[in-house]
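Novice:
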Amino acid sequence: MGDLESVRVALRVRPLVPSEVNRGCQVAVEKVDGQDQVVVNNSDAFSFNFVFDWRDTQEQVYNMSVSDMLDKLFSGFNATILAYGQTGSGKTHTMGTAFDGELDENVGVIPRAMHDIFERIKKLSDQYEFVIKCSFMELYQEQLFDLLSSKPRDESIVDMREDRSGIIMVGLTEQQVHSAKETTDCLVRGSSGRAVASTAMNEASSRSHAIFTVTLQATKKDESRAVTTSKFHLVDLAGSERSKKTGATGDRFKEGVKINQGLLALGNVISALGDGKGAGFVRYRDSKLTRLLQDSLGGNSVTLMIACVSPADYNVAETLSTLRYADRARKIKNKPIVNQDPHAAEINRLKGIIQKLRLELLTKGGTMTSSLTTELESVTPPVVPLMAASMPTIMPSEEQNRKYKELQDKYRTLQQQWQMTLHDVTEHEMRAHIAEAAHDNLKAKTDEMKSYFHEVSIKCKDHSMDEEKLMETVMCISKMVESLDEELVKTQTEIMDHKKRSSIGESVNGDMDGDNEDADGSLASSSEMHALVQERTEAFTNKQMEINEQLRRINRELSLKEQLQQRMAGNFSKFSTLDDDIEEKVKECEQKIAELENEKAELLDKLKHVKENASAKLAEERRKRLQALEHEIGEMKRKNLQQAKLLKIREKETQKIKNLSSEIQAMKESKVKLIRAMRQEAENFRQFKMMREKELMQLRNKDRKMQNEMARKEALHNKQRNVLKRKCEEAMAINKRLKDALERQKVAQTQRQKLQSAKDANAASVKIDQVIACVERELEVIISLIDAERTLEQLMDDRGIISSRLGELQKQQPPPEPHSQAALEIANLQEELDMRNAQISDLQQKVCANDVDKLIQTLADSVQSLTEARAVFKHLLKSMVELRREHALALEDLRSQLHAADDRCNEAQKIIKQMKLEHEEAIAEYEEKISVALTPEQEQRLKLQEEQQKKIESLMIELENYKQL
């Protein structure tokens with residue numbers, strides 16, 4: 001195949017990226033339905049072989065524009081896919097150069113092509129033997145680097161040479177691969193070493209041109225052993241960029257300069273090849289990039305250029321430039337040929353001739369014809385309508401809201417009353433405990449004094465004490481009285497202190513409850529805190545109720561046990577009066593029994609002697625006496641047993657009374673523990689409420705700051721709106737001036753043609769002032785265009801601000817009411833946004849239709865004689881001096897305004913510094929006082945602090961306004 005074949009061009013329009021959406025950019029590039037055509041700003045139309053917009057997937061792009069190139073590749077032709085476009089336009093995404101090894105629907109051209117190549121190799125393995133090699137290099141700042149080399153980057157630089165067969169890369173690594181996985185691994189490994197950096201337009205901007213090459217060598221499995229070698233170049237070019245948009249500085253700026261130089265040389269080559277004039281010389285040697293692409297553009301290759309563009313009107317100038325170059329590239333003619341082994345090709349040619357001659361002999365000169373038919377199937381992606389369904393929100397009625405609020409208020413009031421009741425119960429219990437303890441102490445000391453007085457009185461009656469001992473006794477008694485007085489004063493002091501703490505707690509609780517109502521009414525953002533406090537309050541109330549119920553039970557049991565103790569003590573008092581008599585009687589009985597036992601023993605001994613002496617009468621008397629003694633001994637034992645029983649009963653009663661006293665004492669201790677626990681819970685809850693009050697104060701301050709900040713932002717927003725309005729008026733004026741200048745340009749062109757004809761007729765009669773007038777008009781057009789470009793950038797920046805503000809308002813939850821202030825602001829912002837878009841579109845059409853560089857070149861060409869040049873130079877010099885003088889005066893005026901603003905700013909900063917010091921002192925004093933309690937004086941101090949805070953914030957706002965002047 002040696003026929004000419006045009007370079008095919010596929011246009012891909014990416015969707016708007018988030019940064020463009022935030023700037024409020026509008027879509028300026030639209031695809032014409034059913035046609036491979038795009039329209040820019042509803043004015044300029046371009047047609048290409050393929051057009052893809054944001055709705056087309058990676059698979060569609062590959063299947064429609066790339067897959068058929070593999071047929072040419074396996075037929076022995078070289079193939080090239082070239083991605084061209086502005087930085088951030090989606091070239092690397094489309095080509096798949098940054099492939100990470102994951103096969104999904106977003107993979108680009110290179111991984112898909114590698115997969116299809118090896119699938120075809122499997123199908124053709126019975127007919128051909130294939131050897132696949134791949135290489136990967138990048139052109140970074142006019143130096144070629146081998147990305148598959150195992151050497152360090154500084155040692156992997158590749159030399160480019162040229163011989164009769166074409167461009168040769170000396171030292172380039174070509175790695176043989178056997179599967180798509182090995183090929184994509186090489187792609188991943190090489191991509192990891194590619195130069196990539198972040199810019200304002202692209203977080204992962206390619207800083208070099210990358211060329212991934214697959215060499216396919218096919219040997220036919222027959223007697224001919226014909227060999228074809230084809231190369232598949234996949235080129236991902238770095239994007240053209242403007243430093244003002246990318247924000248590139250330092251190394252990034254230098255990289256951008258080199259990138260733009262290479263792309264400029266490429267654009268010149270495309271222009272030279274596609275201008276249709278048949279230029280004899282094309283400047284391929286201006287850049288290494290053009291030398292690398294020499295075969296792909298106008299040489300031995302089947303080439304597809306994928307032009308990637310941004311649809312945003314912010315990038316419309318770069319988009320138009322890309323479209324124009326792509327349109328020129330479509331006119332470039334290549335001459336691809338099959339790359340065969342020369343000897344094998346000659347043998348095949350001769351065999352073909354022999355076969356043809358044989359057929360002619362057999363058919364006697366008959367000819368064979370064949371026809372190929374091709375069908376073009378247009379694929380129109382279905383349009384799927386998107387419908388948003390909104391569910392009606394069921395809102396509670398006003399009556400239900402009112403009842404719910406009443407119930408909440410009633411519940412809060414009852415809860416507060418119940419807390420106060422529990423607080424009173426706790427305080428009464430504590431006071432009772434203090435009084436009871438004091439009563440016990442006083443009773444013990446009183447009993448001690450009674451016993452002491454009893455002893456003293458007995459001694460006084462006996463007159464056994466001298467005067468000195470009597471005085472000592474009186475002193476001792478007076479000390480006891482003093483101790484009783486001290487105990488009484490101590491008890492009264494404890495009760496008074498307790499009352500004070502109780503009153504402070506009640507006042508604080510009351511203040512907290514009032515603050516709760518204020519907070520609930522004023523701080524809608526404190527709902528979480530309110531829920532936490534409500535939960536803590538309910539837990540505290542339940543705990544207090546539980547402790548109170550335990551106290552009631554203990555008091556009930558304690559009352560019963562104390563009554564029982566009193567009855568037992570009354571019963572025991574009867575025994576106590578007989579204690580001494582019983583013990584004496586027991587002793588007497590025991591002594592009597594012992595005497596009777598002795599007498600009985602003597603009588604028994606005497607009876608034995610009487611029997612021996614046979615004295616009957618004496619024996620009878622002694623026997624009777626013995627019986628009487630036995631009876632008396634038995635009676636005494638019986639009485640002694642009764643007395644012992646009484647003593648045991650007294651001991652048991654005494655033990656019962658002791659046990660009961662121990663139980664009563666233990667219950668009293670438990671009661672004290674419960675009262676203390678109740679007080680501790682109340683104290684903890686009070687501390688919690690105080691902390692909450694502090695947080696509420698902070699929330700109030702924060703809320704006030706937010707309101708002031710909102711007011712400041714509102715003022716700033718109004719100021720911005722005024723500035724935008726002024727800029728809009730300036731843009732309208734510049735647009736009108738540009739329109740007038742363009743109209744005058746037409747007149748100037750007519751006059752210039754007349755002057756030119758006058759020069760041809762009689763050069764001496766040309767008037768210098770007419771030339772100057774024409775130059776003035778041309779300069780006015782150029783200056784108007786430059787002003788229009790600057791105004792266009794300002795309008796786009798303003799649109800970004802408006803779009804950002806509009807997005808913030810639209811994202812508010814819940815959405816604003818239809819007639820609210822926010823809804824009105826949204827409508828106004830939308831109207832301003834539409835007006836900005838209309839102005840941007842109008843200015844873009846005028847700016848894009850007139851090239852400043854061409855106008856300057858035309859202006860320079862219009863001045864042809866030395867006399868005209870001198871006159872024009874003198875006029876321009878005078879104009880420049882006058883303009884410089886005006887600028888100097890304006891600069892001096894601005895400097896004086898700046899000095900005045902600085903003075904006001906310094907004064908405001910001094911006032912703010914003083915107010916901050918006072919504010920910090922007030923805060924320190926407030927934090928010190930709030931740890932004890934809240935007082936009316938402190939509330940006044942807080943009000944004073946709030947006023948000072950408001951003054952500080954107002955001064956801060958004024959300072960910001962001064963800074964913005």
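Here the sequence shown is numbered in UniProt numbering, starting from 1 and rising by one per residue. Glycine included, each C-beta is placed from N, C-alpha and C at the ideal position. Quick caveat, the model's predicted, so the values are computed rather than measured.
1) Look at the alpha carbon of V9 and the alpha carbon of Q175, and state the distance between them as a whole number of angstroms.
2) What's the C-alpha gap between V17 and L4?
3) Is D703 helix, strand or coil when you go by DSSP?
4) Would you list the one or two residues that DSSP bridges to D25?
5) What residue does the beta strand (DSSP E) around R8 start on, and which one ends it?
6) Can you have a look at V533 and say buried or exposed, based on whether 16 or more other CB atoms are within 10 angstroms of its CB?
7) Which class does H717 belong to by DSSP, given the choice of helix, strand or coil?
8) Please classify Q627 as buried or exposed, where buried requires at least 16 neighbouring CB atoms within 10 angstroms.
9) Hey, how far is the Cα of V7 from the Cα of K72?
10) Going by other Cβ atoms of all chains shown within 10 Å of its Cβ, with 16 needed for buried, is M697 buried or exposed?
11) Between the beta-carbon of residue 1044 and the beta-carbon of V66, is there less than 9 Å?
12) Apply the 10 Å Cβ neighbour rule to R161 and answer buried if 16 or more other Cβ atoms are within range, or exposed otherwise.
13) Does the beta-carbon of M305 have 16 or more other beta-carbons within 10 angstroms, so that it is buried, or is it exposed?
14) Does the beta carbon of M568 sit closer than 9 Å to a beta carbon anywhere in chain E?
15) Taking contact to mean 3 or more Cβ pairs, one atom from each stretch, closer than 8 Å, check whether the region 680 to 687 and the region 535 to 548 are in contact.
16) Exposed or buried, P814, counting other C-beta atoms within 10 Å across all chains shown (16 or more means buried)?
17) Using the Cα positions of K746 and Q897, report the straight-line distance between them to the nearest angstrom.
18) Ignore the nearest five residues each way along the sequence and tell me which others in V847's own chain have a CB closer than 7 Å to its CB.
19) What are the partner residues of G166, as DSSP defines its beta bridges?
20) DSSP state of E506, grouped into three classes?
21) If you drop the 5 nearest sequence neighbours on each side, which residues of the same chain put their C-beta closer than 6 Å to that of V771?
22) From which residue to which residue does the alpha helix (DSSP H) around A180 run?
23) Using three-state DSSP, classify S206 as helix, strand or coil.
24) On the DSSP bridge list, what partners appear for H233?
25) Specify the secondary structure class of F688 as computed by DSSP and reduced to three states.
26) Can you give me the C-alpha to C-alpha distance between S240 and D251, rounded to a whole angstrom?
27) Just verifying my parser: in three-state terms, what is the DSSP assignment at T92?
28) Looking at the secondary structure, which residues open and close the beta strand (DSSP E) in which V123 lies?
29) C186 to E20, Cα distance in whole Å?
30) Could you check the C-alpha separation between K913 and I923 for me, to the nearest Å?
31) Given a threshold of 16 other Cβ atoms within 10 Å of its Cβ, counted over all protein chains shown, does F52 qualify as buried or as exposed?
32) Between the alpha carbons of G298 and V269, how many angstroms are there, rounded?
33) Which residues in the same chain have their Cβ closer than 7 Å to the Cβ of R550, if we skip the five residues on either side of it in sequence?
34) What does N334 pair with, by DSSP beta-bridge criteria?
35) Is D903 helix, strand or coil when you go by DSSP?
36) In chain order, what are the residue ranges of uninterrupted beta strand (DSSP E) at least 3 long that sit wholly in the region 31 to 60?
Specialist: On the basis of the supplied data:
1) One Cα belongs to V9, the other to Q175, and the distance between them is close to 30 Å.
2) For V17 and L4, the distance between alpha carbons rounds to 40 Å.
3) If DSSP states are grouped into helix, strand and coil, D703 belongs with the helices.
4) Per the sequence presented here, residue 25 reads as Cys, with Asp not at that position. Note: C25 sits in no beta bridge, so no partner.
5) Note, R8: beta strand (DSSP E), 8 to 13.
6) With 16 or more Cβ atoms within 10 Å of its Cβ, V533 is classed as buried.
7) H717: helix per DSSP, three-state reduction.
8) Exposed, since its Cβ has fewer than 16 Cβ neighbours within 10 Å.
9) V7 and K72: Cα-Cα distance of roughly 14 Å.
10) It is buried - the Cβ of M697 has at least 16 other Cβ atoms within 10 Å.
11) A query on residue 1044 cannot be resolved here, the shown segment of the chain reaching from 1 to 965 and no further.
12) Looking at its Cβ environment, which holds fewer than 16 other Cβ atoms inside 10 Å, R161 is exposed.
13) That one is buried.
14) Included in the structure is just one protein chain, with no chain E present.
15) The region 535 to 548 and the region 680 to 687 touch, with three or more beta-carbon pairs separated by less than 8 Å.
16) Counting other Cβ atoms within 10 Å of its Cβ, P814 stays below 16 and is therefore classed as exposed.
17) Between K746 and Q897, the C-alpha separation is close to 43 Å.
18) A distance below 7 Å between beta-carbons, with the five flanking residues on each side excluded, links V847 to the following residues of its chain, in chain order: L785, A788, E789, L792.
19) According to DSSP, G166 bridges with D163.
20) Low confidence applies to E506: its pLDDT is 49, below 50, so where it sits in the model is not reliable enough to give any reading.
21) So the list reads E868, once near-sequence residues are dropped.
22) Judged by DSSP secondary structure, A180 falls within the alpha helix (DSSP H) whose first and last residues are 180 to 192.
23) Judged by DSSP in its simplified three-state form, S206 adopts strand.
24) DSSP links H233 through a beta bridge to T80, T213.
25) It is helical.
26) Taking the straight line joining both Cα atoms gives about 16 Å.
27) Reduced to three states, the DSSP call for T92 is helix.
28) It should be noted that the sequence gives Lys, not Val, for residue 123. Taken as a continuous stretch (DSSP letters only), K123 belongs to no beta strand (DSSP E), being part of the alpha helix (DSSP H) at 109 to 123.
29) In a straight line, the C-alpha of C186 is about 35 Å away from that of E20.
30) Computed Cα separation, rounded: 15 Å.
31) It counts as buried.
32) Looking at the two C-alpha atoms, the distance is approximately 10 Å.
33) It is worth fixing the name first, because residue 550 is Gln in this sequence and not Arg. Counting only Cβ-Cβ distances below 7 Å, and skipping sequence neighbours, we find L674.
34) Under DSSP, the beta-bridge partners assigned to N334 are E5.
35) Three-state DSSP puts D903 in a helix.
36) Contiguous beta strand (DSSP E) elements confined to the region 31 to 60 occur at 37 to 40, 44 to 47, 50 to 52, taking only those with 3 or more residues.
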